[in-house]
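>
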Amino acid sequence: MNLLFTNNQKKAVESIWILGVIIAFLQISCYFMNSYGPDNTTYDYLWKLQNWFLQSLIFAWYFYKNKKTAQGFIIQLLFLPYYIFKKDWSSYLDYHLDFDRSALIYQSINIVSFVLPLLAFCVFYFKNETKPSNVSKIKGILIQFVVTLILSFTISSDPDSLYSFIGSLTTSSLYVKDAFVCLIFILISLKMIAVLTGFFYLSNRIYSANQTINPLDEQPISSDLFKWGFLISYPILFLSIVDMSKSVFTMAFSTINTHDILYMLGNLIVLFICGRFFGSLIQFRNFSLKRYFGVVNTLSLLPLLNLGAFFTLLYYKKSPVSITEYKDKLKPNRNIHLIIYCSLLTLYYLYNYFSKPADYRTFEPLYKLLVFGVSIIVLARFKWSTKVIPFLAVIILYFSDIKDFFDFGNGLWPFFKDKVFSFLWLGTLATFILYYIVDYILHKCFYTAYFEEHNPDKFEAYIEKFQ
Numbered sequence: 000m001n002l003l004f005t006n007n008q009k010k011a012v013e014s015i016w017i018l019g020v021i022i023a024f025l026q027i028s029c030y031f032m033n034s035y036g037p038d039n040t041t042y043d044y045l046w047k048l049q050n051w052f053l054q055s056l057i058f059a060w061y062f063y064k065n066k067k068t069a070q071g072f073i074i075q076l077l078f079l080p081y082y083i084f085k086k087d088w089s090s091y092l093d094y095h096l097d098f099d100r101s102a103l104i105y106q107s108i109n110i111v112s113f114v115l116p117l118l119a120f121c122v123f124y125f126k127n128e129t130k131p132s133n134v135s136k137i138k139g140i141l142i143q144f145v146v147t148l149i150l151s152f153t154i155s156s157d158p159d160s161l162y163s164f165i166g167s168l169t170t171s172s173l174y175v176k177d178a179f180v181c182l183i184f185i186l187i188s189l190k191m192i193a194v195l196t197g198f199f200y201l202s203n204r205i206y207s208a209n210q211t212i213n214p215l216d217e218q219p220i221s222s223d224l225f226k227w228g229f230l231i232s233y234p235i236l237f238l239s240i241v242d243m244s245k246s247v248f249t250m251a252f253s254t255i256n257t258h259d260i261l262y263m264l265g266n267l268i269v270l271f272i273c274g275r276f277f278g279s280l281i282q283f284r285n286f287s288l289k290r291y292f293g294v295v296n297t298l299s300l301l302p303l304l305n306l307g308a309f310f311t312l313l314y315y316k317k318s319p320v321s322i323t324e325y326k327d328k329l330k331p332n333r334n335i336h337l338i339i340y341c342s343l344l345t346l347y348y349l350y351n352y353f354s355k356p357a358d359y360r361t362f363e364p365l366y367k368l369l370v371f372g373v374s375i376i377v378l379a380r381f382k383w384s385t386k387v388i389p390f391l392a393v394i395i396l397y398f399s400d401i402k403d404f405f406d407f408g409n410g411l412w413p414f415f416k417d418k419v420f421s422f423l424w425l426g427t428l429a430t431f432i433l434y435y436i437v438d439y440i441l442h443k444c445f446y447t448a449y450f451e452e453h454n455p456d457k458f459e460a461y462i463e464k465f466q
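Using numbering that gives the first Met the number 0, you'd call the opening residue of the sequence shown number 0 and step up by one each time.
1) Check Thr323 in the structure and name its three-state DSSP category.
2) For Gly278, tell me which candidate among Trp227, Leu303, Tyr439 has the shortest Cα-Cα distance.
3) In whole angstroms, what is the alpha-carbon distance linking Ile376 and Thr345?
4) Since Arg333 and Gly293 are thought to touch, with beta carbons under 8 Å apart, how far apart are those beta carbons, to the nearest angstrom?
5) Assign Pro389 to one of three DSSP states: helix, strand, or coil.
6) Report the residue ranges of all alpha helix (DSSP H) runs contained in full by the stretch 280–351; include only those spanning at least 4 residues, in chain order.
7) To the nearest angstrom, report how far apart Ala448 and Cys341 are at their CA atoms.
8) Between the alpha carbons of Ala23 and Leu189, how many angstroms are there, rounded?
9) Answer yes if the stretch 214–222 comes into contact with the stretch 268–283, meaning at least three C-beta pairs across the two stretches below 8 Å, and no otherwise.
10) Using a Cβ-Cβ cut-off of 6 Å (strictly less than) and excluding sequence neighbours within five positions of Lys464, which residues of its own chain qualify?
11) Throw me the rounded Cβ distance for the Phe390 and Phe431 pair, which I believe falls under 8 Å.
12) Helix, strand or coil: how does DSSP classify Glu452 here?
13) Distance, Cα to Cα, Ser253 vs Gly426?
14) Count Cβ pairs between the stretch 66–82 and the stretch 115–122 that sit closer than 8 Å; are there 3 or more?
15) How many Å lie between Lys64 and Leu378 at the Cα?
16) Residue range of the alpha helix (DSSP H) that Arg471 falls in?
17) Just verifying my parser: in three-state terms, what is the DSSP assignment at Glu459?
18) Whole angstroms are fine: how far does the CA of Tyr291 sit from the CA of Leu337?
19) Are Lys47 and Ile83 close, meaning C-beta to C-beta below 8 Å?
20) Output yes or no for whether 8 Å exceeds the beta carbon distance between Asp242 and Ser156.
21) In three-state terms, what does DSSP make of Gly36?
22) Can you list, in chain order, the residues of its chain whose CB lies under 8 Å from that of Leu161, leaving out five sequence neighbours each side?
23) Verify whether the separation of the beta carbon atoms of Val12 and Phe198 is less than 8 Å.
24) Look at the Cβ atom of Ser112, then the Cβ atom of Tyr61, and state whether they are nearer than 8 Å.
25) Among Phe229, Tyr352, Lys289, Gln466, which has the Cα closest to the Cα of Lys328?
26) Let me make sure I understand the geometry here. Which of Thr129, Val295, Leu301, Asn50 has the alpha-carbon closest to that of Ile479?
27) Taking only runs of the beta strand (DSSP E) that begin and end inside the stretch 200–229, which ones reach a length of at least 3 residues, in chain order?
28) Could you tell me the distance, in whole angstroms, from the CA atom of Pro158 to the CA atom of Val180?
29) Quick check on Gln8: buried or exposed, where buried means 16 or more other Cβ atoms within 10 Å of its Cβ?
30) To which residues of the same chain is Ala251 closer than 6 Å at the C-beta, ignoring the five residues directly before and after it?
31) Taking buried to mean at least 16 other C-beta atoms within 10 Å of its own C-beta, is Phe31 buried or exposed?
32) Using only the alpha-carbon positions, how far apart do Leu173 and Tyr233 sit?
33) So Tyr206 packs on Val134, CB below 8 Å; how close in whole Å?
34) Along the chain, where does the alpha helix (DSSP H) containing Lys9 start, and where does it finish?
35) For Phe286, which residues from the same chain have a beta carbon less than 7 Å from its beta carbon, with the 5 sequence-adjacent residues on both sides left out?
36) Starting from Tyr81 and walking both ways along the alpha helix (DSSP H), at which residues does that stretch end?
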């Protein structure tokens, strides 16, 4: 795979499935221990010990696979206070300290116990990996720590978010519930090793803003590169969207804390980068095969249905036609695929409208049909559309909510106090980014530069890069 992994990173990635199995086993074990184990101190510490081991092993895996056992062991030991003795400190401080600052001291200890192992990981990891000579030491350390901090906040997912997402499929049977919970933890384990792999990949590109924003270089996408790129990026993309969707619509912004802010911002950054990688992967695979899959590409966004798109793009052979013939068929193919997509969209929203009793019907489904129908047509034709359409769609669909948000009728201070300082803006930002990523991927599913520039020689030279 041309994914720019160093030799040390390859050693960690090649057997990362073993880490996934260990994480899944420990997470499922923690669930059953917490749900069915006796309520005593021994089991409480055993649960904490398992949780500490699986969380710290993620950061130590790279070092163990590269025979740097001491560094991996140090990192795991430094995580001990945060995961095992966390709850004991507050009680101890309240009992032994006779003043009102024990909570502040506890919070400070908590922050230090969290940041210290991350700093150790950052120092050890980036000493083993080289950085560009034109990047200063201070800038390098700052970038490295920010990326490591984002990794720590986004490596896992909230099982409650996933359970609420598939909760309608469950029954009252405890056996079925436990089976679903085990499946959820397997999915979360898959995301964790995918995020770690993505971290290794991105850590080689973080010193360039352009390489970070455009995480996949223009290159031929072989079946092997597509397979692993898809399997790594989609779990991150899907689970991040599930997490962020729940956070946007259910989080109590009045009680949000610093951890929640960092968690949401970290997930938004990962969602942004991963979405751009995934969209480019789909588009470049189409170019490499000299085929236009259009509406089939869009299925890659949908769970389970995306298996059809995945296997189609994975196993289809490169078209034997010349680049000129491929170019000449692009516009007719685009129009056919847009008609199919808009027809499916129409059927979905008409069903959504007529499936409700007459007294409960509103024009919202038809309104959305118009917005999304126009959006896809513009996204398929123009490159600039990704910078405009997602934001226009959010403004149109949530106009009343946005109008209420930017209501200065009570003055400037109440606006900041009730909406900015309460971090309601974070939900608004998350909504814009969710729409941006979905529209960006849809844009990549349908768009080629030839639709806009009408320069056949330039486009043929561009497609030649992928052959």
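The C-beta atom is built at its ideal place from N, Cα and C for all residues, glycine as well. Predicted model only: the values in this text are computed from it and were never measured.
Let me spell this out:
1) Residue mapping note: residue 323 aligns to position 324 of the sequence shown, counting from 1. Helix.
2) Translated into positions along the sequence shown, residue 278 becomes position 279. The residue with the shortest Cα to Cα distance from Gly278 is Tyr439.
3) Working through the sequence shown from its first residue, we reach residue 376 at position 377. Working through the sequence shown from its first residue, we reach residue 345 at position 346. Answer to the nearest angstrom: the Cα atoms are 14 Å apart.
4) On the sequence shown, residue 333 is found 334 positions in, with the first residue counted as 1. On the sequence shown, residue 293 is found 294 positions in, with the first residue counted as 1. Confirmed, about 7 Å.
5) Here residue 389 refers to the residue found at position 390 when the sequence shown is read from its first residue. Three-state DSSP puts Pro389 in a helix.
6) Counting whole runs of 4 or more residues, the stretch 280–351 contains the alpha helix (DSSP H) stretches 294–297, 305–314.
7) The sequence position of residue 448 within the sequence shown is 449, counting from 1. The sequence position of residue 341 within the sequence shown is 342, counting from 1. Approximately 22 Å between the Cα atoms of the pair.
8) Numbered from 1 along the sequence shown, position 24 holds the residue referred to as residue 23. Numbered from 1 along the sequence shown, position 190 holds the residue referred to as residue 189. Ala23 and Leu189: Cα-Cα distance of roughly 8 Å.
9) Contact holds between the stretch 268–283 and the stretch 214–222, because three or more Cβ pairs, one in each stretch, are under 8 Å apart.
10) Looking up residue 464 in the sequence shown gives position 465. Closer than 6 Å at Cβ, skipping near neighbours: Glu217.
11) For the purposes of this step, residue 390 is taken as the residue at position 391 of the sequence shown. For the purposes of this step, residue 431 is taken as the residue at position 432 of the sequence shown. The pair is a contact, with the Cβ atoms about 6 Å apart (cut-off 8 Å).
12) Working through the sequence shown from its first residue, we reach residue 452 at position 453. In the three-state DSSP reduction, Glu452 falls in the helix class (H, G or I).
13) Counting from one through the sequence shown, the residue named residue 253 turns up at place 254. Counting from one through the sequence shown, the residue named residue 426 turns up at place 427. Its pLDDT being 49, under 50, Ser253 is placed unreliably in this model, and the coordinates cannot settle the point.
14) Yes, the stretch 66–82 is in contact with the stretch 115–122.
15) On the sequence shown, position 65 is the one that residue 64 refers to. On the sequence shown, position 379 is the one that residue 378 refers to. In this structure, the alpha-carbon of Lys64 lies about 44 Å from that of Leu378.
16) Coverage of the chain is limited to positions 0 through 466, which leaves residue 471 absent and any answer about it impossible.
17) Here residue 459 corresponds to residue number 460 of the sequence shown, with the count starting at 1. Residue state, collapsed to three classes: helix.
18) As a first step, residue 337 is located in the sequence shown; it is residue number 338 there, counting from the start. As a first step, residue 291 is located in the sequence shown; it is residue number 292 there, counting from the start. Looking at the two C-alpha atoms, the distance is approximately 12 Å.
19) Taking the sequence shown and counting its residues from 1, one reaches residue 47 at position 48. Taking the sequence shown and counting its residues from 1, one reaches residue 83 at position 84. Yes, they are a contact pair.
20) Within the sequence shown, the letter at position 243 stands for residue 242. Within the sequence shown, the letter at position 157 stands for residue 156. Closer than 8 Å, so yes.
21) What you label residue 36 is simply residue 37 of the sequence shown in a count that begins at 1. Residue state, collapsed to three classes: coil.
22) Locating residue 161 in the sequence shown gives position 162, counting from the first residue. Cβ neighbours of Leu161 beyond the five flanking positions: Ile183, Leu186, Ile187, Leu238, Val241.
23) Working through the sequence shown from its first residue, we reach residue 12 at position 13. Working through the sequence shown from its first residue, we reach residue 198 at position 199. Not a contact, by the Cβ cut-off of 8 Å.
24) As a position in the sequence shown, residue 112 is number 113, starting the count at 1. As a position in the sequence shown, residue 61 is number 62, starting the count at 1. In this structure, Ser112 lies away from Tyr61, with their beta-carbon atoms at least 8 Å apart.
25) To locate residue 328, count along the sequence shown from 1; it is residue 329. Ranking Phe229, Tyr352, Lys289, Gln466 by Cα distance to Lys328 puts Lys289 first.
26) With the chain represented from 0 up to 466, any question about residue 479 goes unanswered, as that position is not in the structure.
27) Segments of the beta strand (DSSP E) lying fully in the stretch 200–229: there are none.
28) Looking up residue 158 in the sequence shown gives position 159. Looking up residue 180 in the sequence shown gives position 181. Cα to Cα, the separation comes out at about 8 Å.
29) One-based indexing of the sequence shown puts residue 8 at position 9. So Gln8 counts as buried.
30) Within the sequence shown, numbered from 1, the residue matching residue 251 stands at position 252. Bear in mind that a pLDDT of 47 at Ala251, under 50, signals an unreliable position, so the number given afterwards is only what the model happens to contain. Hits under 6 Å: none found.
31) Locating residue 31 in the sequence shown gives position 32, where the first residue counts as 1. By the C-beta density criterion, Phe31 is exposed, having fewer than 16 other C-beta atoms within 10 angstroms.
32) For the purposes of this step, residue 173 is taken as residue 174 along the sequence shown, with counting starting at 1. For the purposes of this step, residue 233 is taken as residue 234 along the sequence shown, with counting starting at 1. Distance between the alpha carbons of Leu173 and Tyr233: 30 Å.
33) Locating residue 206 in the sequence shown gives position 207, counting from the first residue. Locating residue 134 in the sequence shown gives position 135, counting from the first residue. Right, their Cβ atoms sit about 5 Å apart.
34) Numbered from its first residue, the sequence shown carries residue 9 at position 10. Start and end: 6–13.
35) In the sequence shown, residue 286 corresponds to position 287, counting from 1. Close CB contacts of Phe286 within its chain, under the 7 Å cut and outside five residues either way in sequence, are with Ile462, Phe465 (chain order).
36) Locating residue 81 in the sequence shown gives position 82, counting from the first residue. Bounds of the alpha helix (DSSP H) holding Tyr81 are 68–82.
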